[in-house]
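See structure below.
Residue numbers (the numbering used here), protein chains in the order written: chain A, 29 to 136; chain B, 204 to 318.
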């Protein structure tokens, strides 16, 4: 069965500090991993996906198959990064499975 | 281009009442789905559809019915509401019949309270 684990419900960091939101997954095949973000009063939206290997809003995430992880990182947090972040996984033709989410709070 | 539109945005029901949450998309997306969002539980899939006339159950389908008579619409029905169905409901769609691209487009959500 597919499973996504986000161990932190809440992560608080100071502005300018590095951020790492943890995501671990369980899947027997080759998964596709994603990060979604929900800013206050906005719709849930795709932030980035591992296959594109791009940096969005300063965030990056590397798929580590050995550790079955897909942690989201940003070197210098900004106040506007405060939001709910969801890691998600797709395996084969199955629907997207989300983790429980981590609320990031960036303190000025 | 409105994207994914959900109605109503807010609804209060009494236990045992029925209602339908509406979802419509104007992007000609084949894949549509319903999630519920609960504190500490994340987003859990209720039902999904890979095209008109085809629906399937997700992780938490009990108490909910769906149908897909057109590409555009994917209503979610609560036949006999229970307090455990108090939640925020999100409809989401994507173009391929397989959601493997991962880019779901979400509606704004419908907040349902069952008393």
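Ideal placement from N, C-alpha and C gives every residue a C-beta, glycine not left out.
From a predicted model like this one, the values you see are computed outputs, not experimental measurements.
At least one CB of chain A closer than 9 Å to the CB of residue i: is that the case?
i	result
residue 244 of chain B	yes
residue 169 of chain B	Because chain B is modelled from 204 through 318, residue 169 of chain B falls outside the range shown and cannot be assessed.
residue 255 of chain B	no
residue 306 of chain B	yes
residue 248 of chain B	yes
residue 205 of chain B	no
residue 292 of chain B	no
residue 295 of chain B	yes
residue 219 of chain B	no
residue 298 of chain B	no
Distance check for residue j and residue i, CA to CA, integer angstroms please.
i	j	result
residue 6 of chain A	residue 125 of chain A	Residue coverage of chain A in this structure runs from 29 to 136, which leaves residue 6 of chain A outside it and unanswerable.
residue 106 of chain A	residue 217 of chain B	43 Å
residue 259 of chain B	residue 37 of chain A	30 Å
residue 213 of chain B	residue 247 of chain B	19 Å
residue 276 of chain B	residue 228 of chain B	7 Å
residue 7 of chain A	residue 270 of chain B	Residue 7 of chain A is absent from the structure shown; chain A starts at 29 and stops at 136.
residue 61 of chain A	residue 110 of chain A	21 Å
residue 52 of chain A	residue 306 of chain B	20 Å
residue 39 of chain A	residue 48 of chain A	9 Å
residue 83 of chain A	residue 74 of chain A	13 Å
residue 294 of chain B	residue 226 of chain B	6 Å
residue 272 of chain B	residue 255 of chain B	5 Å
residue 45 of chain A	residue 287 of chain B	40 Å
residue 243 of chain B	residue 128 of chain A	6 Å
residue 13 of chain A	residue 50 of chain A	Outside the modelled stretch of chain A, which goes from 29 to 136, sits residue 13 of chain A, for which no answer is possible.
residue 257 of chain B	residue 250 of chain B	11 Å
residue 81 of chain A	residue 291 of chain B	32 Å
residue 72 of chain A	residue 85 of chain A	16 Å
residue 289 of chain B	residue 209 of chain B	17 Å
residue 103 of chain A	residue 239 of chain B	32 Å
residue 298 of chain B	residue 285 of chain B	33 Å
residue 100 of chain A	residue 230 of chain B	30 Å
Would you grab the beta carbon distance between residue i and residue j for me? Rounded to a whole angstrom, and I think it's under 8 Å.
i	j	result
residue 296 of chain B	residue 123 of chain A	Their Cβ separation, rounded to whole angstroms, is 12 Å, which puts residue 296 of chain B and residue 123 of chain A out of contact at 8 Å.
residue 130 of chain A	residue 34 of chain A	5 Å
residue 207 of chain B	residue 233 of chain B	Not confirmed; about 14 Å, so no contact.
residue 278 of chain B	residue 315 of chain B	Actually they are not in contact, since the Cβ atoms of residue 278 of chain B and residue 315 of chain B sit about 14 Å apart, beyond 8 Å.
residue 245 of chain B	residue 114 of chain A	6 Å
Check whether the Cβ of residue i sits closer than 8 Å to any heavy atom of the ligand SAM, and report yes or no.
i	result
residue 295 of chain B	Judged by which ligands are present, the structure shown has none, so any question about the ligand SAM falls away.
Which chain D residues sit within Cβ distance under 9 Å of residue i?
i	result
residue 236 of chain B	Going by chain labels, chain D is absent from the structure shown, which instead holds the protein chains A and B.
Using 9 Å as the limit for Cβ to Cβ distance, is residue i near chain B?
i	result
residue 13 of chain A	Residue 13 of chain A lies beyond the range of chain A shown here (29 to 136); nothing can be said about it.
residue 62 of chain A	yes
ask   = Between the segment 244–263 of chain B and the segment 310–317 of chain B, do at least 3 Cβ pairs fall closer than 8 Å?
value = no
task = Below 8 Å between beta carbons is the criterion; list the residues of the segment 66–95 of chain A that meet it against any residue of chain B, in chain order.
result = 71, 72, 73, 74 and 77
message = Short of 9 Å Cβ to Cβ, which residues in the segment 261–287 of chain B face chain A?
response = For the segment 261–287 of chain B, the residues whose beta carbon sits under 9 Å from a beta carbon of chain A are, in order, 261 and 262.
query = Which residues, taken in chain order from the segment 121–132 of chain A, show a beta carbon closer than 7 Å to some beta carbon of chain B?
reply = 121, 123, 124, 126, 127, 128 and 129
Three-pair Cβ contact test at 8 Å for the segment 112–121 of chain A versus the segment 51–62 of chain A = yes
query = Of the residues that make up the segment 30–63 of chain A, which ones have a beta carbon closer than 9 Å to any beta carbon in chain B?
reply = 32, 34, 37, 60, 61 and 62
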